[in-house]
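Single-structure report; data block below.
Numbering (our numbering), first residue to last: 250 to 558.
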């Protein structure tokens with residue numbers, strides 16, 4: 250029996266079991282012409298959970314419920330204004346800002362952005378993504394990604410200190426090793442989770458093989474990511490063929506704030522100079538199009554995942 254292993258993305262998250270339930274529900278909900286995909290009847294469902302390495306405590310169940318309009322990623326970031334960027338390398342921040350189209354100085358500014366009284370209504374009417382949403386989310390994207398790629402020593406709580414990349418790599422490999430004896434593994438990764446998965450598949454020799462890789466709303470097209478994913482990464486041989494037996498399917502929304510700078514990956518992650526990554530575009534709708542819940546609700550991703558299973 251196959252195992253689907255989820256790897257979550259930026260910002261704080263609820264506890265592991267709550268997050269798995271959230272992802273499963275997002276895929277399983279039926280729509281008029283779009284049948285849900287109930288994974289629990291077909292596969293084992295596991296996850297690589299890493300939010301506690303960077304955040305002091307998980308999102309509470311009440312916060313998860315309140316995030317329905319604005320996504321899980323928004324909930325924690327908006328509540329705090331986004332994490333501090335004091336430990337972020339200046340060159341990384343400016344390179345990331347150049348590719349993601351934001352002002353590094355404004356993002357580093359710790360002043361909170363004033364939120365509208367009716368947050369959900371204001372967000373629903375705003376196009377493009379308003380600064381009150383964009384700033385805290387981009388702070389989370391920059392800080393979380395930087396601390397992983399630079400293997401920063403971080404203490405999310407008193408008495409606990411992690412080398413971020415080392416610990417998350419260990420969790421990833423352990424989860425895959427526990428699953429490989431049960432059958433084929435399908436990796437379903439979102440946002441920064443795509444970076445973690447790619448890094449482990451390409452740069453960690455003891456990482457087990459998987460049958461298929463699915464990346465969703467991925468920032469792997471950014472040159473700053475690719476620079477920091479070496480030695481494994483190269484354009485001509487970036488496909489992780491050593492660890493991915495069959496297919497890499499990349500799902501993107503062109504308006505996704507995290508992926509939009511370069512959402513298509515087939516030209517950046519070739520196999521022997523040939524393009525093999527399958528880029529699939531879908532339109533999520535809403536304001537925060539990066540949310541896994543938005544992606545999971547669409548027929549494109551569900552059909553692709555059915556085929557992989």
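Backbone N, C-alpha and C define an ideal beta-carbon position, used for all residues, glycine too.
Nearest residue (CA-CA) to residue i, options the options
i           : options            : result
residue 544 : 430, 333, 484, 504 : 504
residue 450 : 510, 253, 425, 526 : 425
residue 482 : 407, 521, 458, 496 : 521
residue 330 : 338, 356, 509      : 356
residue 542 : 460, 321, 334      : 321
residue 328 : 289, 306, 502, 493 : 306
residue 496 : 421, 334, 435, 259 : 435
residue 203 : 444, 340, 458, 298 : As shown, the chain starts at 250 and ends at 558. That puts residue 203 outside it, with no answer to give.
residue 341 : 476, 433, 379      : 476
residue 519 : 334, 511, 486      : 486
residue 378 : 553, 511, 265, 534 : 534
Close beta carbons around residue i, own chain, < 7 Å, minus the five adjacent residues each side
i           : result
residue 619 : One cannot answer for residue 619 here, as it falls past the ends of the chain, which runs 250 to 558.
residue 295 : 252, 254, 424, 428
residue 361 : 330
residue 555 : 286
residue 332 : 388, 389, 392
residue 431 : 250, 252, 293
residue 323 : 316, 382, 386, 537
Close-in-space but distant-in-sequence residues of the same chain around residue i (CB under 6 Å, 5 per side omitted)
i           : result
residue 438 : 256, 446, 464
residue 261 : 300, 304, 308, 325
residue 561 : As shown, the chain starts at 250 and ends at 558. That puts residue 561 outside it, with no answer to give.
residue 414 : 397, 400
residue 525 : 488
residue 404 : 410
residue 515 : 524, 526, 528
residue 442 : 256, 257, 258
residue 513 : 528
residue 433 : 251, 460
DSSP three-state assignment for residue i, whether helix, strand or coil
i           : result
residue 315 : Confidence at residue 315 is low in this model, with a pLDDT of 48, below 50, so its placement is unreliable and the value that follows should be read with caution. Residue 315 falls in the helix class under three-state DSSP.
residue 392 : helix
residue 523 : strand
residue 445 : helix
residue 305 : coil
residue 484 : coil
residue 423 : helix
residue 405 : strand
residue 499 : strand
residue 353 : helix
residue 257 : coil
residue 434 : strand
residue 293 : strand
residue 252 : strand
residue 536 : coil
residue 452 : helix
residue 417 : helix
Distance, residue j Cα to residue i Cα
i           : j           : result
residue 418 : residue 453 : 8 Å
residue 285 : residue 551 : 8 Å
residue 548 : residue 277 : 11 Å
residue 462 : residue 498 : 6 Å
residue 388 : residue 536 : 18 Å
residue 509 : residue 471 : 10 Å
residue 530 : residue 338 : 33 Å
residue 292 : residue 528 : 24 Å
residue 279 : residue 353 : 41 Å
residue 532 : residue 408 : 44 Å
residue 348 : residue 394 : 14 Å
residue 500 : residue 484 : 19 Å
residue 493 : residue 457 : 9 Å
residue 358 : residue 406 : 24 Å
Residues of its chain near residue i, where Cβ-Cβ distance is below 8 Å and the 5 sequence neighbours each way are ignored
i           : result
residue 383 : 351, 506
Assess contact between the region 400-415 and the region 269-279, defined as three or more Cβ pairs (one per stretch) separated by less than 8 Å. Is contact present? no
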